[in-house]
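**Student:**
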Amino acid sequence: MSTTRILALFNQSGGVGKTSLTMNLGYHLARRKKNRVLLVDMDPQASLTTFMGLDPDSLNKTVYEAIVGEEDLPIYPELIHNMALVPANINLSAAELELVSALMREMRLKNALAPILDNYDYVLIDCPPSLGILSVVSLVAATHVLVPIQCQFKSFQGTDLLLKTVAALKKGANRQLAIAGFIPTMYDSRTAQESRTSKAIFEQLSPLATVFDPIPKTIAFADASEARLPIALSSPKNPAVEVLKKTASKLEKLK
90 MSTTRILALF
100 NQSGGVGKTS
110 LTMNLGYHLA
120 RRKKNRVLLV
130 DMDPQASLTT
140 FMGLDPDSLN
150 KTVYEAIVGE
160 EDLPIYPELI
170 HNMALVPANI
180 NLSAAELELV
190 SALMREMRLK
200 NALAPILDNY
210 DYVLIDCPPS
220 LGILSVVSLV
230 AATHVLVPIQ
240 CQFKSFQGTD
250 LLLKTVAALK
260 KGANRQLAIA
270 GFIPTMYDSR
280 TAQESRTSKA
290 IFEQLSPLAT
300 VFDPIPKTIA
310 FADASEARLP
320 IALSSPKNPA
330 VEVLKKTASK
340 LEKLK
């Protein structure tokens with residue numbers, strides 16, 4: 090059995106920093122102990138692909154061909170910031186409809202990853218912000234789910250539905266799925282509402298899994314995304330860098 094840890098970064102709410110976390114945690118994991126890291130873009134918006142410096146519209150092969158056509162997983166031929174990438178583009182949006190009647194559709198990503206798992210220590214999957222087929226396919230392929238939660242009341246309230254989805258998958262399609270933890274994001278300690286939400290996240294979710302240190306709110310993430318760089322390269326002295334390093338270190342201890 091492979092020892093590769095497959096982390097699906099998942100939240101059905103958009104705008105929680107999921108794609109930035111996928112890229113930046115992948116970068117720090119790749120920097121530690123020469124870990125071999127693969128990123129998989131499962132979001133039709135292809136933000137991860139763009140953040141990694143590729144033009145989604147110019148790609149001939151993406152994860153779509155592997156998921157729908159059951160072709161070999163198209164891993165971009167060159168490492169980007171020491172990470173391998175399976176890109177996406179808008180074609181993936183058609184997969185939701187095309188997989189509706191497909192046999193064993195939930196297994197498509199898991200089956201595509203199986204032949205190459207031994208080449209990597211970590212696979213990080215950037216899930217779409219929905220509870221549709223693409224998210225289910227990603228969670229079935231994962232060994233762990235890592236949940237970014239924006240430090241806003243509305244985002245925190247949506248966690249119940251997310252946990253019910255994970256619990257349902259653990260009863261059926263992926264009995265081994267574990268929760269790697271919860272990462273509060275976009276945290277501004279100067280606001281009372283976000284401080285209360287951060288405290289509630291810790292108090293209510295820490296009995297279920299690790300609640301990592303909150304990722305501070307900073308424009309540096311947007312600047313890094315625009316520059317197609319991890320924040321550690323674009324703003325190495327930003328406080329968020331140390332938080333990301335610490336989070337990556339804890340993720341290495343996952344069982």
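In this note's numbering, each number is its position in the sequence shown, counted from 1, plus 89.
Every residue, glycine too, gets a C-beta built ideally from N, C-alpha and C.
Can you give me the C-alpha to C-alpha distance between Ala256 and Gln241, rounded to a whole angstrom?
**Tutor:** Mapped onto the sequence shown, residue 256 falls at position 167. Mapped onto the sequence shown, residue 241 falls at position 152. Using only the alpha carbons, I get a separation of about 24 Å.
**Student:** Can you give, in chain order, each stretch of the beta strand (DSSP E) that sits fully within the region 203–248 and has at least 3 residues?
**Tutor:** Segments of the beta strand (DSSP E) lying fully in the region 203–248: 211–215, 233–239.
**Student:** Within the same chain, show all residues whose beta-carbon is closer than 7 Å to that of Ala262, passing over the 5 residues directly before and after it, in chain order.
**Tutor:** Numbered from its first residue, the sequence shown carries residue 262 at position 173. So the qualifying residues of the chain are Glu195, Val229.
**Student:** Which of helix, strand or coil does DSSP assign to Asp144?
**Tutor:** Taking the sequence shown and counting its residues from 1, the one referred to as residue 144 is at position 55. Here Asp144 sits in coil by DSSP.
**Student:** Short of 6 Å in beta carbon distance, which residues of its chain neighbour Phe301, apart from the five on each side in sequence? Order them along the chain.
**Tutor:** If you number the sequence shown from 1, residue 301 lands on position 212. Counting only Cβ-Cβ distances below 6 Å, and skipping sequence neighbours, we find Gly270, Ile272, Thr336.
**Student:** Taking the C-alpha atoms as reference points, what is the distance between Asn346 and Val234?
**Tutor:** Residue 346 cannot be examined here, being either before or after the span of the chain that is shown, 90 to 344.
**Student:** Helix or strand or just coil, what does DSSP make of Gly261?
**Tutor:** Counted from its first residue, the sequence shown places residue 261 at position 172. Three-state DSSP puts Gly261 in coil, outside helix and strand.
**Student:** By Cβ distance, which residues of its chain are closer than 6 Å to Ala298, with the 5 residues on each side in sequence left out?
**Tutor:** Taking the first residue of the sequence shown as 1, we reach residue 298 at position 209. Correct list, in chain order: Ile268, Gly270.
**Student:** Along the chain, where does the alpha helix (DSSP H) that runs through Ile308 open and close?
**Tutor:** Taking the first residue of the sequence shown as position 1, residue 308 is located at position 219. Taken as a continuous stretch (DSSP letters only), Ile308 belongs to no alpha helix (DSSP H), as it is neither H nor E.
**Student:** Since I believe Glu187 is in contact with Val152 (beta carbons under 8 Å), could you give me their beta-carbon distance rounded to a whole number of angstroms?
**Tutor:** Position 63 of the sequence shown holds residue 152. Position 98 of the sequence shown holds residue 187. Not quite, the Cβ-Cβ distance comes to about 13 Å (not below 8 Å), so this is no contact.
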